[in-house]
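Working notes for the structure below.
Residue numbers (my numbering), protein chains in the order written: chain B, 104 to 531; chain W, 104 to 531.
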């Protein structure tokens, strides 16, 4: 049986970035990617809002995102691969309390290099048709909604097409001679003694043992290193061999609403924020309902990352919940943007976040010849290039990864045992 | 419907200690304990090795254990309740590498207050019939077993009867007017809006919500505070509402071997270590096979806490595995203690550890009117009194708990959000 140098489980954006960077650094190695779907990026990558922001309270999250976005921009502008990347910016609408929390973080980031613009709520009300004052609205009060106090605009942020990013990595990986098998589902990890002695029942606990590959629905695949990049499904496989990764799955839902009415059309194509002449990705005051404009499709994507009591739960085919829009998102949205009055979604989808519950950062670590790469906590696409480079550096046994833009990154910072990250405060 | 002040899920040693200390501090409160079994301590408490040691690298683990053991000793000697507690000590047998790891920890602890005695391997060989030199044994070498280099004897350690401890708390709780219902199984946590508005589908995500009780197989029970003390089953319930507790379940197995032969009888009743005139609880060099003497029953309990690749897995009725003794424990044991040659267990049992994968300490925290108390990581019985006092202090909204012996303990040190503990290095 062929033993691969590395098998990568998961052809989502993290798995393919990892595969590409490993293969790039090891052109002669036999690298195999497998995925249960019939094409790349069909899992949670396809269910993402496909937006990015170079705005995180943690310096590590920032560099992961900033360097990845720089790389995507390079791919698009220098290599001429259209990733449908647009720097439309993020507009973060804040209540007075939200702003009090956010202000010190912004100040700290601005002292480094973050560029942002602060708006008074009044400056935004008219151009956006934004209702900034809810205090006389009894319903809004009952709902706990707050007046808009400020808006923070982040220019280095925007939207990208997840599918284009995935395809880019897939093509490059294949071009380098990498192998991909679709429609192959992992069933188990294989554990073997490092030095087998040939007795049935091995490995015994007094033997050193390792992960030597995977059992799939189309047979066993052996590898020197088994790399799990299967997102929210990573913890299930790791639990089966007693390895902790601090990742939990959580459903996330996106609802698509057409910009049909003139008022909505006007909102979607709000001028003055970005060269594309469209509404930035917009975050409403707490609870943070999210508006992701899709100008080329004349559509808004609406979402909300609910915390308690949304279960940590794996689902093969997570479904959006009608009531989540109707009684949740819509009720909040329409208070701030009355233009959405009576708008119903024409489509919706749901995927799984792979939340790192320790600190909201990815994990990249090796244990017993198994490498786990995941836990991007809802910002996998915007960090995938950096994460792939870090995983490749770990694979190569290097202490530092060089991220795009020649930025040195200490690989063990994202490990479990020597982890050095401060909890992320700007998770949305 | 009655609303309880607190409902405690789980009548194991942690749940009953918590219930007792809450009721003691709040004699007029309506406190209910429920358990799926028909009596107290029938879950993993009954499957424990029921041993204790006041030896942990972490000062927090140390005080939890030390104060609990002092309390049990007080109960037995001052209150006259027989807990079958014997200070038989722990004898930790170490290879040269093990000792190099252990020595600095012992030194640090000795500077505080730890009393221990160091033995040269040679001093132990004869009295114990211990084989300290394996270097000429090819099999042992293949198995990676090391010579015994030193022995460390810890006098403040020993054995106790878990069932007696549980019964003590149960009786005291009932005597104070506490209520217990056995044979009641939790199905779900109930989530309600803090300020209900009377619309179907509540709570919506823009409402503040809380845990208001539990759904059981014999109906709904409402409570101001819902306290989960269900050990390895805690994470399953918390996952269902998206709360992280960093606890994972792992099967642990114990095999009972009779001290039939004169040589084994002699080993069991080794003189010179303790007033009981028996073998201390003994830990073999890595992999650390455990020997728990049961002198009153003329029995040894044998165990091993296997790490990789033992799954994190919940099981309703975990079973011991014959091969785990035969090819695992026995093979190691007999190399050091040839007296066990050909000994087979006459009975065996298995339970679930509730491992805190962050740092090996318990968690005691409140979120949304739910209090979680668990994750004692295999040392629940020896820490149960302190953990119960800390949970009771949290319930009462106090910043500090007073542990037995008037030791002040900062409640938030065991929380998730303000956790202040150093990882435990002496987990076995």
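Don't be surprised by glycine CBs; every beta carbon is placed ideally from N, CA and C.
When the Cα atoms are used, what is the spatial distance from residue i to residue j?
| i | j | result |
| --- | --- | --- |
| residue 318 of chain B | residue 447 of chain W | 35 angstroms |
| residue 357 of chain W | residue 508 of chain B | 56 angstroms |
| residue 154 of chain B | residue 242 of chain W | 59 angstroms |
| residue 436 of chain W | residue 445 of chain W | 11 angstroms |
| residue 287 of chain W | residue 225 of chain B | 58 angstroms |
| residue 216 of chain B | residue 210 of chain B | 10 angstroms |
| residue 362 of chain B | residue 432 of chain B | 17 angstroms |
| residue 168 of chain B | residue 301 of chain W | 43 angstroms |
| residue 540 of chain W | residue 409 of chain W | Limits of chain W in this structure are 104 at one end and 531 at the other, which puts residue 540 of chain W out of reach. |
| residue 525 of chain W | residue 329 of chain W | 28 angstroms |
| residue 377 of chain W | residue 194 of chain W | 11 angstroms |
| residue 254 of chain B | residue 430 of chain B | 26 angstroms |
| residue 591 of chain B | residue 473 of chain B | The shown model of chain B, from 104 to 531, leaves out residue 591 of chain B, and the question about it has no answer. |
| residue 367 of chain W | residue 117 of chain W | 35 angstroms |
| residue 373 of chain B | residue 382 of chain B | 5 angstroms |
| residue 478 of chain W | residue 236 of chain W | 38 angstroms |
| residue 501 of chain B | residue 159 of chain B | 26 angstroms |
| residue 269 of chain W | residue 119 of chain W | 7 angstroms |
| residue 343 of chain W | residue 213 of chain W | 44 angstroms |
| residue 123 of chain W | residue 104 of chain W | 24 angstroms |
Give me whichever residues DSSP pairs with residue i in a beta bridge.
| i | result |
| --- | --- |
| residue 195 of chain W | W:255 and W:386 |
| residue 433 of chain W | Beta-bridge pairing links residue 433 of chain W to no other residue. |
| residue 295 of chain B | B:313 |
| residue 458 of chain W | W:351 |
| residue 319 of chain W | W:289 and W:322 |
| residue 138 of chain B | B:285 |
| residue 506 of chain B | B:510 |
| residue 107 of chain W | W:326 |
| residue 151 of chain W | Its beta-bridge partners do not exist; DSSP assigns none. |
| residue 476 of chain B | B:467 |
| residue 156 of chain B | B:260 |
| residue 356 of chain B | B:453 |
| residue 331 of chain B | B:112 and B:475 |
| residue 189 of chain B | B:262 |
Sort the options by Cα distance to residue i and report the nearest one.
| i | options | result |
| --- | --- | --- |
| residue 493 of chain W | W:121, W:343 and W:345 | W:121 |
| residue 240 of chain W | W:313, W:434, W:116 and W:316 | W:434 |
| residue 308 of chain W | B:231, B:248, B:255 and B:266 | B:248 |
| residue 389 of chain B | B:180, B:200, B:140 and B:373 | B:200 |
| residue 324 of chain W | W:529, W:293, W:166 and W:466 | W:293 |
| residue 172 of chain W | W:499, W:490, W:322 and W:530 | W:490 |
| residue 285 of chain B | B:504, B:145 and B:485 | B:145 |
| residue 476 of chain W | W:206, W:461 and W:495 | W:495 |
| residue 320 of chain W | W:123, W:106 and W:138 | W:138 |
| residue 518 of chain B | B:459, B:333, B:486 and B:352 | B:459 |
| residue 469 of chain W | W:499, W:463, W:479 and W:527 | W:499 |
| residue 352 of chain W | W:336, W:177 and W:140 | W:336 |
| residue 264 of chain B | B:185, B:342 and B:159 | B:185 |
| residue 134 of chain B | B:503, B:277 and B:341 | B:277 |
| residue 359 of chain B | B:339, B:402, B:456 and B:392 | B:402 |
| residue 115 of chain B | B:332, B:271 and B:411 | B:332 |
| residue 197 of chain B | B:182, B:466, B:512 and B:393 | B:393 |
Under 8 angstroms Cβ-Cβ, which residues of chain A neighbour residue i?
| i | result |
| --- | --- |
| residue 428 of chain B | You won't find chain A in this structure, because its protein chains are B and W. |
task = Below 8 angstroms between beta carbons is the criterion; list the residues of the region 400–415 of chain W that meet it against any residue of chain B, in chain order.
result = 407, 409, 410, 411, 412, 413, 414 and 415
Residues of the region 141–153 of chain W with Cβ closer than 7 angstroms to any Cβ of chain B, in chain order = none
task = Output, in sequence order along the chain, the residues in the region 237–256 of chain B whose CB is closer than 9 angstroms to any CB in chain W.
result = 245, 246, 247 and 248
query = In chain order, what residues of the region 463–480 of chain W put their CB closer than 8 angstroms to some CB of chain B?
reply = 470 and 471
query = Which residue spans inside the region 358–433 of chain B form an unbroken beta strand (DSSP E) run of at least 3?
reply = 384–386, 393–397 and 402–406
key: Short-range partners of chain W found in the region 269–299 of chain B, where Cβ spacing is below 7 angstroms   = 294
message = Under 7 angstroms, CB to CB, which of the residues in the region 332–360 of chain W have a partner in chain B?
response = 342, 343, 344, 345, 346, 347, 351 and 353
query = Along the chain, which unbroken stretches of the alpha helix (DSSP H) at least 4 residues long are found entirely within the region 480–505 of chain W?
reply = 487–498
inquiry  = Beta carbons nearer than 7 angstroms to chain B: which residues of the region 372–397 of chain W have them?
reply    = 390
Members of the region 505–531 of chain W that neighbour chain B once the beta carbon cut-off is set at 8 angstroms = none
key: Ranges of the beta strand (DSSP E) found wholly within the region 193–229 of chain W, counting only runs of at least 3   = 193–197 and 220–223
ask   = What residues in the region 434–463 of chain B bring their beta carbon closer than 9 angstroms to a beta carbon of chain W?
value = 434, 435, 458, 460 and 461
query = Going along the region 180–200 of chain B in order, which residues come within less than 9 angstroms of chain W, judged by CB to CB distance?
reply = none
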